[in-house]
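**Q**
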Amino acid sequence: MKKILLSGNTSLSYAVKQLDVDVISAYPITPQTTMVEKLSEYVANGELDAEFIPVESEHSALTAALAASAAGARVFTSTSSQGLLLMHEILFITATMRMPVVMGIADRAISAPINIWNDHSDIMAQRDAGWICFFAESAQEAYDKTIQAYRIAEDENVHIPVNLNFDGFILTHTYEPVTTLDDEQVLKYAPKKVRSLVLDPKKPYTFGALGSPEYYFEAKYQAVKALENSFETIVKADKEYGDISGREYGIFNDYMTEDADTILVSLGSIGGSVREIARRMRRDGAKVGSLSLKLFRPFPAKQIVDALSKAGSVVVLEKATSPGALAGPLYMEVQASLKTFDAKTPAINVIAGLGGRDIGPEDIRVMFNKGLKVASQKRVDTIMEYVGVNA
Amino acid sequence: MPKKVSEIDEGFVLKTPLSSMQTKTGTWRAFRAVIDYNKCITCGICWSLCPEPAIYLKDNKYTVDYDYCKGCGICAQECPVKAISMVRESD
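Quick mapping for you: the protein sequence lines, in order, are chains A and B.
Under the working numbering, the residues of the first sequence are numbered 115 to 505, in order.
Under the working numbering, the residues of the second sequence are numbered 268 to 358, in order.
1. Tell me C247(A)'s beta-bridge partners as DSSP assigns them.
2. Measuring only the C-alpha atoms, how far is I377(A) from E255(A)?
3. Please report the Cβ distance between R222(A) and D242(A), rounded to the nearest whole angstrom; I am assuming they are in contact, meaning their Cβ atoms lie under 8 Å.
4. Could you check which residue in P168(A), F206(A) and E203(A) has the C-alpha nearest to that of F190(A)?
5. Opposite D511(A) in the DSSP bridges: which residues?
6. Within a Cβ cutoff of 7 Å, which residues of the same chain sit near T283(B), ignoring the five residues on either side of it in sequence?
7. Let me make sure I understand the geometry here. Which of A250(A), S174(A) and K117(A) has the alpha-carbon closest to that of V292(A)?
8. Cα separation between Q132(A) and V338(A)?
9. List, in chain order, every chain A residue whose beta-carbon is nearer than 9 Å to that of S287(B).
10. Anything in chain B within Cβ reach of L311(A), meaning under 9 Å, just list it in chain order.
11. Closest Cβ-Cβ distance between K237(B) and chain A: below 8 Å?
12. My output table needs one value for K339(A): the three-state DSSP class, helix, strand or coil.
13. Taking 8 Å as the CB-CB cut-off, is R397(A) touching chain B?
14. So for S209(A), helix, strand or coil by DSSP?
15. Which residues, in order along the segment 267-278 of chain A, keep a beta-carbon less than 9 Å from a beta-carbon of chain B?
16. Does the Cβ of I261(A) have 16 or more other Cβ atoms within 10 Å, making it buried, or fewer, making it exposed?
17. With DSSP as the reference, label S423(A) as helix, strand or coil.
18. Cβ atoms of V301(B) and V348(B): under 8 Å apart, would you say?
19. In terms of residue numbering, what span does the beta strand (DSSP E) encompassing Y141(A) cover?
20. Kindly list, in the order they appear in chain B, the residues whose Cβ is closer than 7 Å to that of A333(A).
21. Please list, in chain order, all residues of the same chain as Y385(B) whose beta carbon is under 7 Å from its beta carbon, the five residues on each side excluded.
22. Does D269(A) pass the burial test, meaning 16 or more other C-beta atoms within 10 Å, or should it be called exposed?
23. Quick one: which chain B residues come within Cβ less than 9 Å of T210(A)?
24. For the segment 319-376 of chain A, list the alpha helix (DSSP H) runs that are entirely contained and at least 4 residues long, ordered along the chain.
25. Using a Cβ cut-off of 7 Å, pull out every chain B residue sitting near E328(A), in sequence order please.
26. Can you pull the chain A neighbours of T290(B), defined as C-beta to C-beta under 7 Å?
27. Helix, strand or coil: which one does DSSP assign to E274(B)?
28. Is the segment 449-456 of chain A close to the segment 382-399 of chain A, with three or more CB pairs under 8 Å?
29. Buried or exposed: T496(A), going by 16 or more other Cβ atoms within 10 Å of its Cβ?
30. Where does R397(A) fall in DSSP's three states?
31. Kindly list the residues whose CB is nearer than 8 Å to the CB of D477(A), restricted to its own chain and excluding five residues on each side of it in sequence; keep chain order.
32. Does any residue of chain D bring its CB to less than 8 Å from the CB of Q336(A)?
33. Which residues does DSSP pair with A461(A) in a beta bridge?
34. Roughly how many angstroms lie between the CA atoms of R265(A) and K306(A), to the nearest whole one?
35. Using the Cβ count rule (16 or more neighbours within 10 Å means buried), how would you classify Q289(B)?
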């Protein structure tokens, strides 16, 4: 166990090296570039014995990763923003073909205007592709989750691709001391598993065949169920990772939620700031709490409701919009979960931080105060509000 | 009756070669290509242009395989002696 100074990007590269990945196929895009640079360096200097495919686009990056995975290789790819959008059709194909591809996503806004900074518009536009979807809060977590991702994706009961989201620049370019596992520990925890169905010239199978109306529905259903059923494996993988590393993350981080008048739900790196503001507001007597969600797909609806149902109100903070919809994508899921499981907790949505707009301590106080107002009035006036926009 | 989910291999991998032959695309047809052998000069243009291909040479005669003929009509359109007609499938 060594402590190394790593950024979010290079923490993933380091984990991928330790995981002895066979094929890396990626196209550089800000803010993910240094991750791919580091990986190509590992391959060039012999530290990692892998095939590095410098493809001409993200569409090809994921296609090559999917094909290498079909041949039985352990693969990695990564992207961001417009690159993820260019992968759109292959994302669905990878999931329904049940390929255990692991991908890092340096979350970044979507053009226009052209913007290279962080929000969650890229992944939210791809949320129905059928992948397991994690959000990390730190470079340490990004490192740990990458190792867990292979264990989960390659589990014979799962065989579903995993994407790991970590916020562009906020995490990708921030260096922190990361406690790493030894190489042997990594491969013992996440050993390479040989699948029974792989491309092999000696035993030819057809991959990616036409599924006419007589077949398509069942094939799709199978992949959808595999994603739903992966939940158990995800929880177990996290627990067993905790046993060897001392770091277990859970499906969310809940902070001071037990007696909270309002709980702020968030995704990704903002979770740490929310907890700090919650701590300060608690000091001043406001009963506020934070729930930072780690697992977005499969969506842990029941567990989230259990954590939120006793609160006076819920504020869902998100860095993405669903234009023309009632509210943002995360809010809709949280609200649907609350109603489905008969929780009476009123919930509001705040959209903030689009295109890298900083979410400062005052913004978070504003959000908590909105939640406290809803809790005291026991009534929601405005479902969705924007914080930080000069409207 | 569709196969059960449990009978489908993971990720819809097909283990049997030539399984696409099991999909009888002839069922999609509204018109069938019928060759009039009194007119046919056995030039082979229909055979070379059939996209399936569902026309093959049997005993020196070009023959339509109705298991796979989708009824697109290219053969009838291209036949230089108008030996192929498109006949509506009866309901």
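We treat Cβ as the ideally placed atom computed from N, Cα and C, and that holds for glycine.
**A** With the structure as the only source:
1. In the first sequence, counting from the first residue as 1, residue 247(A) sits at position 133. Paired residues: N277(A) and R411(A).
2. Here residue 377(A) corresponds to residue number 263 of the first sequence, with the count starting at 1. Here residue 255(A) corresponds to residue number 141 of the first sequence, with the count starting at 1. Cα to Cα, the separation comes out at about 23 Å.
3. As a working mapping, residue 222(A) is identified with position 108 in the first sequence. As a working mapping, residue 242(A) is identified with position 128 in the first sequence. Between D242(A) and R222(A) the Cβ distance is about 20 Å, and since that is not below 8 Å, they are no contact.
4. In the first sequence, the residue the question calls residue 190(A) occupies position 76. Of the candidates P168(A), F206(A) and E203(A), the one whose C-alpha sits nearest the C-alpha of F190(A) is P168(A).
5. No statement about residue 511(A) is possible, as the shown extent of chain A runs from 115 to 505 and does not include it.
6. Working through the second sequence from its first residue, we reach residue 283(B) at position 16. Counting only Cβ-Cβ distances below 7 Å, and skipping sequence neighbours, we find nothing.
7. By 1-based counting over the first sequence, the position of residue 292(A) is 178. Nearest C-alpha to V292(A): K117(A).
8. As a first step, residue 132(A) is located in the first sequence; it is residue number 18 there, counting from the start. As a first step, residue 338(A) is located in the first sequence; it is residue number 224 there, counting from the start. Between Q132(A) and V338(A), the alpha-carbon positions lie close to 30 Å from each other.
9. Translated into positions along the second sequence, residue 287(B) becomes position 20. The answer, in chain order, is T320, A323 and L324.
10. As a position in the first sequence, residue 311(A) is number 197, starting the count at 1. Per Cβ cutoff of 9 Å: D276, E277, G278, V280 and K282.
11. Because chain B is modelled from 268 through 358, residue 237(B) falls outside the range shown and cannot be assessed.
12. For the purposes of this step, residue 339(A) is taken as the residue at position 225 of the first sequence. Correct three-state label for K339(A): helix.
13. The count along the first sequence starts at 1 and reaches residue 397(A) at position 283. Not closer than 8 Å to any Cβ of chain B, the Cβ of R397(A) fails to qualify, so no.
14. The sequence position of residue 209(A) within the first sequence is 95, counting from 1. The question names Ser, yet the displayed sequence has Ala at residue 209(A). Correct three-state label for A209(A): helix.
15. H273
16. Within the first sequence, the letter at position 147 stands for residue 261(A). That one is buried.
17. Residue numbering aside, residue 423(A) sits at position 309 when the first sequence is read from its first letter. Correct three-state label for S423(A): coil.
18. Stepping through the second sequence from its first residue, residue 348(B) is reached at position 81. Stepping through the second sequence from its first residue, residue 301(B) is reached at position 34. The answer is no: Cβ separation not under 8 Å.
19. Counted from its first residue, the first sequence places residue 141(A) at position 27. Where Y141(A) is concerned, there is no enclosing beta strand (DSSP E), given that its DSSP letter is neither H nor E.
20. Position 219 of the first sequence, counting from 1, holds the residue named residue 333(A). Correct list: I275 and F279.
21. This structure does not reach residue 385(B), given that chain B is present from 268 up to 358, and the question cannot be answered.
22. As a position in the first sequence, residue 269(A) is number 155, starting the count at 1. Burial call: buried.
23. Against the first sequence, residue 210(A) aligns to sequence position 96. Under the 9 Å cutoff, chain B gives G278 and F279.
24. 330-359
25. As a first step, residue 328(A) must be located in the first sequence, where it is residue number 214. Within 7 Å Cβ-Cβ: P269.
26. Walking along the second sequence from the start, residue 290(B) turns up at place 23. Taking the beta carbon of T290(B) as reference, the chain A residues within 7 Å of it are S326, listed in sequence order.
27. Your numbering for residue 274(B) matches position 7 in the second sequence. It is helical.
28. The segment 449-456 of chain A is not in contact with the segment 382-399 of chain A.
29. Taking the first residue of the first sequence as 1, we reach residue 496(A) at position 382. Burial call: exposed.
30. Within the first sequence, residue 397(A) is the residue found at index 283, counting from 1. Helix, per DSSP.
31. Numbered from 1 along the first sequence, position 363 holds the residue referred to as residue 477(A). A466, V501 and G502.
32. This model lacks chain D altogether, as its protein chains are A and B.
33. As a working mapping, residue 461(A) is identified with position 347 in the first sequence. A461(A) is bridged by DSSP to V428(A).
34. Looking up residue 265(A) in the first sequence gives position 151. Looking up residue 306(A) in the first sequence gives position 192. The alpha-carbon atoms of R265(A) and K306(A) are separated by roughly 9 Å.
35. Here residue 289(B) refers to the residue found at position 22 of the second sequence. By the 10 Å Cβ count, Q289(B) comes out exposed.
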